[in-house]
Amino acid sequence: MSGNDLKLDQLEIMASDLRRKRSELFEHVNRWRDERDRINESARKMREEAIKHKEERDKINAQVAEVKNKLQPLYDQLDEKRKKLAGIEQQVQQGYRELPRKKRVERDLNTVEWEVMTTPTRELLDRERELELVERANTLRRRLSTFKKPPKRTEATMEATAEAKATEMNIRQIRDEMNTLREESQKHHESMLLLHRKADEEREKANQAHAKFVEYLGDVKKAEQELDDISLQVRGIRDGLRADDIKGERDKMAKVNARVEALRAEAQRKMAAGEKLSFDDLQFIYGGKAESDDDEEESPKSSPGSRAPSKQSF
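If you're matching positions, the sequence shown starts at 969 in this note's numbering and goes up one per residue.
So this is what it looks like as structure tokens:
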């Protein structure tokens, strides 16, 4: 076995090992590519789900805003009703403050009138005393007339209180509705944040898988480059062998041609010298056809039916 043949065998073994290694690397490439794509798909679904939670949260927040707009008119109504109730309560309190003074005036008037009725006639003969009592009674009556009759403040207070309570109840119901909506919105918001965090974690895993994919893909390219180098070496060796074969053939043909030229020159010399020429000499002189070494070494054979001798004299 020549050195080139041995080198070819070694290169074929190396190429076989590299092809096996490349096949194993491709398995890693496909595995990490599939893992990366699987994780990316998982992250994509998480983000889509997060978007749905965000949309639902925003929808609920819009409902909260609509409900909240209903509160301000109710707050205004409640403020008016509380002012009304405060005014009624103030009137009630004012009436209770005047009532004792009215009672005292009534009591004083009753006393004066009782004195007039119970005083003997002879004691009323004092004109000044009589005028005094009459004037005092008139004064008390005038003062008593200044006191207003107390309105039905209890009923008005109850009515105003009921109206305020009804408005407060409406406000409380709306606030409860808002709180329920806000709690639901908060749940969607937290779910959205959780999904985004998980998607970020999945993205990190996908990046790691992609790094592995790129790493093994680089190893595949290195193996393919090594295979290309080996293929070039093998091709070079084989091309060199073919070149050697061609060179050998060319050298052999050159030797044959040189021999034919020598024989032709010898035949021409014989003809010039008037020596007898053989059939082969005539072929070399007039045929112009070079024969191979095999033709030269073998004796010329007659074609079937011919009687041409190997050499013939003229």
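Glycine included, each C-beta is placed from N, C-alpha and C at the ideal position. Please read all numbers here as calculations on a predicted model, not as lab measurements.
When you compare the CB positions of residue i and residue j, do they come within less than 8 Å of one another, or not?
i	j	result
His1052	Ala1128	Per the sequence presented here, residue 1052 reads as Lys, with His not at that position. Going by C-beta atoms, Lys1052 is nearer than 8 Å to Ala1128.
Ile1007	Lys1173	yes
His1021	Met1160	yes
Glu1169	Ser1010	no
Arg1015	Ala1167	yes
Ala1105	Val1073	no
Leu1077	Leu1108	yes
Glu1017	Leu1195	no
Lys1036	Met1137	no
Given this structure, state the Cα-to-Cα distance separating residue i from residue j, to the nearest angstrom.
i	j	result
Ala1177	Gly1204	40 Å
Ser984	Ile1198	11 Å
Asn998	Val1188	11 Å
Leu979	Val1202	7 Å
Lys1027	Asn1175	34 Å
Lys1279	Ala1222	With a pLDDT of only 36 at Lys1279, under 50, the local geometry of the prediction cannot be trusted, and the value read off the model is given with reservation. Approximately 27 Å between the Cα atoms of the pair.
Arg1218	Asp1248	25 Å
Tyr1043	Arg1111	44 Å
Tyr1184	Trp1000	9 Å
Gln1058	Glu1152	45 Å
Val1224	Leu1200	36 Å
Ala1241	Ala1226	22 Å
Gln1045	Gly1055	15 Å
Gln1236	Asp977	54 Å
Arg1232	Ile981	54 Å
His996	Lys1190	15 Å
Gly1186	Arg1150	53 Å
Trp1082	Asp1047	52 Å
Phe994	Asp1002	12 Å
Ser1113	Glu1103	15 Å
Val1182	Arg990	14 Å
Lys1220	Glu1234	21 Å
Which residue from the options puts its Cα closest to that of residue i?
i	options	result
Ile1019	Val1035, Glu1074, Glu1158	Glu1158
Glu1192	Arg1075, Lys975, Glu992	Glu992
Arg1004	Lys1238, Glu1145, Lys1180	Lys1180
Leu1039	Arg1140, Gly1186, Lys1049	Arg1140
Thr1148	Glu1048, Gln1045, Leu1231, Gln1031	Gln1031
Gln1154	Ala1233, Glu1024, Asp977	Glu1024
Ala1033	Glu1103, Arg1143, Leu1108	Arg1143
Ala1124	Gly1242, Lys1049, Asp1044	Lys1049
Leu974	Glu1194, Arg1206, Glu1229	Arg1206
Asn1135	Glu1145, Pro1041, Leu1099, Lys1071	Residue 1135 is actually Thr in this sequence, not Asn. Per the Cα distances, Pro1041.
Arg1012	Glu1152, Glu1234, Arg1165	Arg1165
His1156	Ala1054, Gly1186, Asn1029	Asn1029
Glu1229	Ser1246, Gln1251, Lys1244	Gln1251
How is residue i classed by DSSP in three states: helix, strand or coil?
i	result
Ser1246	coil
Lys1180	helix
Lys1038	coil
Leu974	helix
Glu1266	Bear in mind that a pLDDT of 40 at Glu1266, under 50, signals an unreliable position, so the number given afterwards is only what the model happens to contain. Note: Glu1266 maps to coil in three-state DSSP.
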